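**Q**
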């Protein structure tokens, strides 16, 4: 990427991170307890009932804050800057889109601002790309076959619990509430900035699937999308693991109900599977040979003309 594009992308990411930080600090000032805010991010029912109407952020906000901060650094230094900007912009667009029809002026203004910044990330990445044949240009590397295939399998496996829990939840709820879980509605009582849980599930399936296909193909953008997918898999696993630990399900795993055992297994897989994806795709990829700045002598242009007058036997 060009230097101006890198600086622009880093500035846009910093703006997105700043917006998330402002909302988190506002919630922290409202509650006065970091622990209560953190428990509300895990989705703990008791904590969410206690803070209902008092907080605006959800697990997506600290996660976006961390992702945008990491992308800002990558935009300045990494050869994968373009794909990192696209991945972060696309996920931010998807997560903030429901804010356009969510109640509350604060959520609407935040959604509009973040959607504009996220779209700017995608445009900056597309407009700031350099030609691959420019001498000394650092090209994005492809992941190595073994780690890429393993990460792809883990991400595909991560889709299974997401879909399974959504099917289970839909079977337990009336149809109108199920629709609200995907598109938002008055039946949802979550934080103002939180996207509908069904909508988040669709985003996770799309993200995990895209990253898995990229890993199997060993595409150059695998690192950006795979690390982002691994971060979401780890974060959701940690949130669920915190809940099952709080309810003391793990010490009584053998006596627990089947659904409680599935919660534990989903949480453990999310944490360890997500960390494994991060480790597998964070390593160095296959080195790329940069194009030679100059070809061998005589490789450019037409062949030299014969001398005049030509020597005997020419």
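Numbering (UniProt numbering), first residue to last: 1 to 314.
Even glycine gets a Cβ: it sits at the ideal position worked out from N, Cα and C.
As the structure is a prediction and not an experimental result, all values here were calculated from the model.
How long is the line joining the alpha carbons of residue 176 and residue 11, rounded to whole angstroms?
**A** Approximately 41 angstroms, taken between the alpha carbons.
**Q** Does the pairing of the segment 205-222 with the segment 252-262 give three or more beta-carbon distances under 8 angstroms?
**A** Contact fails: fewer than three Cβ-Cβ distances are below 8 angstroms.
**Q** Leaving out the 5 sequence neighbours to the left and right, which residues in its chain are closer than 6 angstroms to residue 195 when beta-carbon positions are compared?
**A** Around residue 195: 95 and 98.
**Q** In its own chain, which residues sit with a C-beta less than 8 angstroms from the C-beta of residue 47, not counting the 5 before and 5 after it?
**A** Excluding sequence neighbours, residue 47 sits near 36, 39 and 40.
**Q** Which first and last residues belong to the alpha helix (DSSP H) in which residue 120 is found?
**A** Note, residue 120: alpha helix (DSSP H), 105-127.
**Q** Note the first and the last residue of the continuous alpha helix (DSSP H) segment covering residue 30.
**A** First-last of the alpha helix (DSSP H) with residue 30: 3-31.
**Q** Determine the contact status of residue 191 and residue 55, defining contact as a CB-CB distance below 7 angstroms.
**A** Result yes, Cβ atoms of residue 191 and residue 55 sit closer than 7 angstroms.
**Q** Is residue 220 helix, strand or coil by DSSP?
**A** In the structure shown, residue 220 sits in coil (DSSP, three-state: anything other than H, G, I, E or B).
**Q** Check whether the segment 269-281 and the segment 231-238 touch, using three or more Cβ-Cβ pairs below 8 angstroms as the test.
**A** With a cut-off of 8 angstroms, the segment 231-238 and the segment 269-281 count as touching, because enough Cβ pairs lie within range.
**Q** Taking the Cβ atom as the reference point for each residue, do residue 208 and residue 158 lie within a distance shorter than 7 angstroms?
**A** Going by C-beta atoms, residue 208 is nearer than 7 angstroms to residue 158.
**Q** Contact between the segment 160-170 and the segment 74-92 is defined here as three or more beta-carbon pairs at a separation below 8 angstroms; is this criterion met?
**A** These segments do not touch.
**Q** With a cut-off of 8 angstroms on the beta carbons, I'd call residue 153 and residue 222 a contact; round off their distance for me.
**A** In fact, because the Cβ distance is near 14 angstroms, the residues do not count as touching under 8 angstroms.
**Q** Given residue 181, which residues of its chain have a CB within under 6 angstroms of its CB, disregarding the five upstream and five downstream residues?
**A** Around residue 181: 196, 197 and 198.
**Q** DSSP three-state label for residue 249, please.
**A** It is coil, neither helix nor strand.
**Q** Residue 145 to residue 89, Cα distance in whole Å?
**A** Rounded to the nearest angstrom, the two C-alpha atoms are 27 angstroms apart.
**Q** What is the DSSP secondary structure of residue 51, counted as helix, strand or coil?
**A** Three-state result, residue 51: coil.
**Q** Check whether the segment 11-20 touches the segment 61-74, counting contact only when three or more Cβ pairs, one atom from each stretch, lie closer than 8 angstroms.
**A** Yes, they touch.
**Q** Spell out the partners DSSP gives residue 286 in its beta bridges.
**A** 142.
**Q** Spatial neighbours of residue 228 within its chain, please: C-beta separation below 6 angstroms, excluding the five flanking residues on both sides.
**A** The answer, listed in chain order, is 87.
**Q** Please tell me whether residue 29 and residue 224 are closer than 7 angstroms, where the distance is taken between their beta carbons.
**A** Against a cut-off of 7 angstroms, the Cβ pair of residue 224 and residue 29 comes out as no contact.
**Q** Check this for me: beta carbons of residue 125 and residue 82, under 7 angstroms apart or not?
**A** Cβ atoms of residue 125 and residue 82: closer than 7 angstroms.
**Q** Taking C-beta to C-beta, are residue 151 and residue 226 nearer than 7 angstroms?
**A** Yes, these two residues count as a Cβ contact at 7 angstroms.
**Q** Where does residue 101 sit, in a helix, a strand or coil, going by DSSP?
**A** Reduced to three states, the DSSP call for residue 101 is coil.
**Q** Decide if residue 105 is buried, meaning its Cβ has at least 16 other Cβ atoms within 10 Å, or exposed.
**A** Classification of residue 105: exposed, given that the 10 Å Cβ count is below 16.
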